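Asker: Take the sequence shown: its position 32, counting from 1, is numbered 239 in the numbering used here, and each next residue is one higher. For each residue, glycine too, the CB sits at the ideal point set by N, CA and C. Please read these numbers as outputs of a predicted model, since none were measured by experiment. Here you go, one structure.
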Amino acid sequence: MECWGRMLRAFLSGPGRRGATWGSAYSSWQPHRPVPGLLNATELVSHWTAIFEKEGIPEAQESSEYIVAHVLGAKTFQSLRPVLWTQPLTPWQLQCIQELSSCRLQRMPVQYILGEWDFQGLSLKMAPPVFIPRPETEELVEWVLEEVAPRPHAVGAQGGPLILEVGCGSGAISLSLLNQLPQSRVIAVDKGEASICLTRENAQRLRLQDRIWIVPLDVTLKGSWAHLLSWGPMDLVVSNPPYVFHQDMEQLAPEILSYEDPAALDGGEKGMDIITHILALAPRLLKDSGSIFLEVDPRHPELVGGWLQSRPDLSLHLVAVRKDFCGRPRFLHIRRSGPQRGCPVHAWPGPQPARVPG
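Structure (structure tokens):
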């Protein structure tokens, strides 16, 4: 097991996204040295939980448990063998826990500190500033699977549904769908180089690279989607786009503001900038009766419904809104009807084999 502490400390002292240093808002923080006599995992969890609580770190106990478990080679503290809860730690393990906990005190998200995170049963590599997938997005994947898995799909050379994900981030949505829809293929696009690299790495780690095409693409640029037309009409488009209202950005937690890419969060004045681009371009790519699944802000179902009514030419209809586990309207299912726009059906070439470029 690799100790991430030294690498992360070097990262934190390097140039930040906004011309400052990572974690500069916490420059007055002083490192905590390991306390003599704290030699086992249970005592260390209690020790760091108390420090995190004193410093106002959210989810103090969970953070300390994840860090200690990670250094001891487990996913969670509860999954450790009971003997490890009271077994003395080595000096190397104590040093790793201290370094990783120091990063947490600078409000670095646990996912970045550990360098990995589970999503829909897959272990994905995580690295700043790539957007961290949230539990709500797992619900989006589950809804897509509920709707897509029972549907018959025309079986061609590849078989299964052809899926486009807009803004793939770490590849969490795309790779989860590939893993649970064995004959599916995915085109995953993102404008961020770090996201493209991380999705590629995760696809290779999970041995799913032969069924995914990872494309650097900015959907806001005119004509950017033209080369996707050669893939043929898509069965569905899935996205967890930037949807935070711009005026709400400053209210986000320090973990988000200091480490995650704001371009993956800021959706413009009403959080709709990328959403409307996806909706405007989807009819060019979707099959008749193809679907769009989106994760959005709870204020967006009404806004999106109104926007679609103002654009009847798109032949898109909001057919369902689903609430998240907190009871907030969070997910949209939009369906199109009518022939493909901008390219006659008979002009679509057959499907091409999906792969990871480079």
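Can Ile380 and Val445 be called in contact, C-beta distance under 7 Å?
Answerer: yes
Asker: Using 8 Å as the Cβ pair cut-off and three pairs as the minimum, do the stretch 312-326 and the stretch 451-467 touch?
Answerer: yes
Asker: Which one of Gln411, Thr483, Leu515 and Thr427 has the shortest CA to CA distance from Ser330?
Answerer: Gln411
Asker: CB-CB under 6 Å to Ser231, same chain, minus the five flanking residues each way: which ones, in chain order?
Answerer: Note that Ser231 has pLDDT 33, beneath the 50 cutoff, so the model's placement of it is unreliable and no number is given.
Asker: Would you kindly work out how many angstroms separate the C-alpha atoms of Leu488 and Val355, rounded to a whole number?
Answerer: 21 Å
Asker: Rounded to the nearest angstrom, how far is the Cβ of Pro536 from that of Val528, given a contact under 8 Å?
Answerer: 5 Å
Asker: If I follow the unbroken beta strand (DSSP E) through Pro423, where does it start and stop?
Answerer: Ile419 to Pro423
Asker: With a Cβ-Cβ cutoff of 7 Å, do Arg543 and Pro490 count as a contact?
Answerer: yes
Asker: If Leu472 sits next to Val511, beta carbons under 8 Å apart, how far is it from one beta carbon to the other, in whole angstroms?
Answerer: Going by Cβ atoms, the distance from Leu472 to Val511 rounds to 18 Å, so no, they are not a contact pair.
Asker: How many angstroms separate the CA atom of Asp495 from the CA atom of His453?
Answerer: Between Asp495 and His453, the alpha-carbon positions lie close to 34 Å from each other.
Asker: Do you know whose CA, among Tyr466, Phe326, Gly322 and Thr256, lies nearest Arg267's CA?
Answerer: Sequence check: residue 267 is Ala here, not Arg. Out of Tyr466, Phe326, Gly322 and Thr256, Thr256 has the C-alpha closest to the C-alpha of Ala267.
Asker: List the residues that DSSP assigns as beta-bridge partners of Glu354.
Answerer: Glu354 is not bridged to any residue.
Asker: If you follow the beta strand (DSSP E) that Phe259 is part of, which residue opens it and which one closes it?
Answerer: Annotation for Phe259: no beta strand (DSSP E) segment contains it, though the alpha helix (DSSP H) segment containing it runs Ala248 to Lys261.
Asker: The alpha helix (DSSP H) that contains Glu272, what's its start and end?
Answerer: Where Glu272 is concerned, the enclosing alpha helix (DSSP H) stretches over Ala267 to Val278.
Asker: Between Trp236 and Gly513, what straight-line distance do the alpha-carbon atoms span, to the nearest angstrom?
Answerer: The predicted position of Trp236 is uncertain, since its pLDDT is 41 and thus under 50; a value taken from the coordinates is nonetheless stated next. Going from the Cα of Trp236 to the Cα of Gly513 covers about 48 Å.
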